[in-house]
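To start, the structure under review is shown below, and the notes come after it.
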C-alpha cells in the first residue's frame, strides 16, 4: 500500500499525538502545555525534572519504561522533545501561548480521530490523560493525597473532583 504525502504526514502527526498523550499519562498526567514545551534539558537520565507551567512548581518524576521508550523515538538534537512546537526565542509570550493553544486544539482533533478508529465512544482529549492517570492510580489503591501530589494539585479538593466518577464506580462495585 502506497500512502500519499498528506497521508504520511497525517500518520506521523497521529503517532506524535498518541505518543504525547501516553507520555503525559505515564508521567503523572502531565498537562499538555508541559508536554508540548518539554525540552531535552529536562531529562536527567531516567528522571524528568521540569517546572509545571500552570503552578510554577518544580516536578521530579522517575520515568516509567514506557515513557523512556517513547523518548527513544525522538531526535535529541531538537530543542523541544515533541515536534509539534518550534523553537523561536524571538516569539513573544502572547505568541507562545497562542501557539500552545493552537497545538492543543490540533492534538484534540487528532485524538478524536484516534478514538474513532479505536472504537472509543467517549470524548478523548489531551486532558483525559490526567483524568485517566488519576482514575487508575486510585483504582490501584494509591491514596488521594499522593495522587494529588503526583498531579501537582494545590489541594486535595481539586483531586477529589478528578476522581469523583471513579469513586462512585468503586462504591457501586462494592455494593
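In our numbering, the protein residues as written are 23 to 197.
Backbone N, C-alpha and C fix where the C-beta goes; we use that ideal spot for every residue, glycine too.
query = Looking at C-alpha atoms only, which residue of 102, 106, 171 is the closest neighbour of residue 82?
reply = Distance check between residue 82 and each of 102, 106, 171 places 171 closest, using alpha-carbon atoms only.
task = Under 8 Å by Cβ, that's how I've got residue 118 and residue 109 pegged, so tell me the actual separation to the nearest angstrom.
result = The Cβ separation is near 10 Å, so there is no contact.
inquiry  = Can you confirm whether the region 156-172 touches the region 57-71 when touching is taken to mean that 3 or more C-beta pairs between the two stretches lie within less than 8 Å?
reply    = no
key: Sequence-distant residues of the same chain with beta carbon closer than 7 Å to residue 61, five excluded per side   = 101, 102, 103
ask   = Are the beta-carbon atoms of residue 55 and residue 77 separated by less than 8 Å?
value = no
query = In whole angstroms, what separates the C-alpha of residue 38 from that of residue 105?
reply = 8 Å
query = Can you name the residues that DSSP bridges to residue 132?
reply = Answer is none; residue 132 lacks a bridge partner.
ask   = Which runs of the alpha helix (DSSP H) spanning at least 4 residues fall entirely within the region 133-180, listed in chain order?
value = 150-161, 166-173
message = Quick check on residue 133: buried or exposed, where buried means 16 or more other Cβ atoms within 10 Å of its Cβ?
response = buried
request  = Ignore the nearest five residues each way along the sequence and tell me which others in residue 156's own chain have a CB closer than 7 Å to its CB.
outcome  = Here the set comprises 51, 169, 173, 181, 184, 185.
query = Rounded to a whole number of angstroms, what is the C-alpha to C-alpha distance between residue 145 and residue 36?
reply = 16 Å
ask   = Taking the alpha-carbon positions, what's the residue 5 to residue 45 distance?
value = The shown model of the chain, from 23 to 197, leaves out residue 5, and the question about it has no answer.
key: Where the beta strand (DSSP E) through residue 83 begins and ends   = 79-84
message = Less than 7 Å between C-beta atoms, sequence neighbours within five positions excluded: which residues of the same chain meet that for residue 84?
response = 68, 69
task = Whole angstroms is fine: what's the gap from residue 94's alpha carbon to residue 87's?
result = When rounded, the distance between both Cα atoms is 11 Å.
task = Reducing DSSP to helix, strand and coil, say where residue 35 ends up.
result = helix
ask   = Does the beta-carbon of residue 143 have 16 or more other beta-carbons within 10 angstroms, so that it is buried, or is it exposed?
value = exposed
ask   = Helix, strand or coil: which one does DSSP assign to residue 72?
value = strand
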